[in-house]
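Position 155 of the sequence shown, counted from 1, bears residue number 155 in my numbering, the numbering being contiguous throughout. Don't be surprised by glycine CBs; every beta carbon is placed ideally from N, CA and C. Since the model is a prediction, treat every value here as computed from it, not as a measurement. Worksheet: the structure to be examined is printed underneath.
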Amino acid sequence: MLEEEVKTRNILTGRYVNILLRILAWCAVIGGLYWCSLYSYILFHSLVEIYSIIVASCIFLLAWNSRRLQVNNYVLFIGISFLFITIIDILHTLAYKGMGVFPGYDANLPTQLWIVMRYMLAVSFLLAPLFVNRKLNVSLVFAAYATATVLSLLSIFLWGIFPVCFVEGSGLTPFKIYSEYIISLILLGSLIFLLVERKAFERYVYGLLIAAIILSIASEMAFTTYVSVYGFSNMLGHLLILVSFYLIYKAIMETSLTKPFDLLFRNLKRSEEELRTLSFIDELTGLYNRRGFLTIGAKQAKISKRTKDNMLLMFVDLDGMKWINDSLGHAEGDIALLETAQVLKDTFRESDIIGRLGGDEFAVLATLTNHSDASSINARLDQQLDKLNRRGSHRYKLTLSTGTVDYGPDETASIKEMLERADKLMYMHKISKERSKGYHNVFWKG
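What follows is the structure, given as structure tokens:
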């Protein structure tokens with residue numbers, strides 16, 4: 001025991017040390033970039049953008065080369081979008097004020113390219129959740145992004161119709177500022193869509209994506225306040241983007257390389273659990289089916305034997321089911337079965353086990369119940385039936401025939417054998433009712 005505790009402590013210590021080293025590494029990177037910004041802002045901007053371009057390229061390559069391993073198309077869609085984001089980001093970097101690559105242009109050009117890139121990223125994250133469980137037409141996605149990229153660049157470089165985003169001396173234009181807010185709202189919408197589809201992702205990957213989008217929103221807010229392209233707000237926005245891209249890269253890498261099959265296995269396990277649940281549940285009433293009742297009932301019987309608690313087992317049959325189906329139709333028969341299920345739910349406790357054995361036959365295993373409680377159970381059942389028949393608009397009176405047996409802690413018979421006993425008592429009850437033409441429910445002692 002002591003050895004296991006030491007091992008666990010060492011593992012936790014290793015994790016904490018690893019986290020601490022990562023934090024220190026990021027502090028060193030950000031500190032170094034800040035020093036670069038003081039020395040030369042163009043150097044700072046170029047380093048940040050080169051990093052972003054490399055990361056965005058890696059995101060595309062990882063998503064594309066692992067596309068056959070993906071269990072949903074969210075990652076592939078994001079990966080394709082980052083290919084075109086990379087192209088625009090390269091142009092944005094080259095066009096930045098002071099680079100001198102595009103003579104005749106001022107700081108408005110890189111700002112326009114930046115807005116195009118950010119709109120593309122925000123819309124991509126908004127649309128990506130739609131492809132979690134849908135087939136992705138890769139050719140169509142490539143064509144759509146290529147068209148959007150070409151039209152955007154033509155509107156800036158050739159046609160000159162793209163709105164002005166930055167004016168030297170006065171700073172950002174209203175279009176640029178409002179665009180940052182719109183982009184933030186789009187990213188916020190992508191958070192909501194991602195929340196809806198959270199089960200499609202590993203918890204760690206989902207957390208990385210959420211953090212990346214939140215940091216992107218924070219960067220948009222920072223980019224609404226700068227007056228100079230060399231200002232602090234501009235620098236803060238770029239640093240937030242840097243971390244955001246890194247988190248996206250980590251999420252894609254985890255999904256594509258580190259744990260490509262985890263989600264597949266998790267989905268298979270979830271499907272298996274759903275199938276197991278369906279195999280225990282009656283589709284019409286939502287109660288346990290025969291298999292479920294016998295399985296859960298057997299487990300409860302073992303528990304009751306250990307705790308020395310008594311139970312009651314009731315077999316319930318809906319009277320006149322054949323007449324209802326033949327005279328009123330099977331749809332009305334289904335309604336009668338649903339009403340019977342609801343009567344049993346209203347009569348018994350949540351801790352009691354209720355099942356539909358098939359057709360018009362039901363069973364209840366009432367836990368922590370003695371035979372002396374049968375009269376009170378009988379009264380509650382009659383009360384619920386009376387309520388239903390008084391408010392119902394049927395051409396028939398819903399009645400039940402029942403047979404009840406004690407299931408004590410010393411009982412050696414199985415749950416199936418006890419059901420057979422209760423079934424015989426129910427049959428005797430039904431015959432008695434037919435002879436007397438009475439409809440009052442009676443609990444028979446077995």
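Item: Which residues in the same chain have their Cβ closer than 7 Å to the Cβ of ARG291, if we skip the five residues on either side of it in sequence?; Value: SER279 and PHE280
Item: Does the contact criterion of 3 or more C-beta pairs under 8 Å hold for the segment 306-326 versus the segment 369-383?; Value: yes
Item: In whole angstroms, what is the alpha-carbon distance linking CYS165 and TYR226?; Value: 12 Å
Item: How far does the alpha helix (DSSP H) with ARG391 in it extend, from its first residue to its last?; Value: 374-391
Item: So what does DSSP say about MET321, is it helix, strand or coil?; Value: helix
Item: Just confirm the distance between the C-beta atoms of MET426 and SER401, as a whole number of angstroms; I'd bet it's less than 8 Å.; Value: 5 Å
Item: In the DSSP assignment, the beta strand (DSSP E) including ILE353 goes from what residue to what residue?; Value: 353-358
Item: Mind checking GLN383: buried by the 16 CB within 10 Å criterion, or exposed?; Value: exposed
Item: Let me know the secondary structure DSSP gives GLU434 once reduced to three states.; Value: helix
Item: How would you call LYS135, buried or exposed, if buried means at least 16 neighbouring beta carbons within 10 angstroms?; Value: exposed
Item: What is the residue span of the alpha helix (DSSP H) that PHE84 lies within?; Value: 74-95
Item: For LYS97, tell me which candidate among PHE84, ASP89 and THR111 has the shortest Cα-Cα distance.; Value: THR111
Item: Following the continuous beta strand (DSSP E) through SER401, name the residue where it begins and the one where it ends.; Value: 400-407
Item: DSSP three-state label for ALA298, please.; Value: helix
Item: Suppose you measure from the CA of ASN73 to the CA of PHE131; what does that come to, to the nearest Å?; Value: 5 Å
Item: Check for me: the alpha helix (DSSP H) holding ALA143 runs from which residue to which?; Value: 138-153
Item: Using 7 Å as the threshold, is the C-beta distance between ASN389 and LEU398 below it?; Value: yes
Item: Can you give me the Cβ contacts of GLU339 inside the same chain, cut-off strictly under 7 Å, excluding the 5 residues immediately before and after it?; Value: LEU388 and LEU398
Item: Rounded to whole angstroms, what's the CA-CA distance from PHE162 to ILE78? Just pull it up for me.; Value: 25 Å
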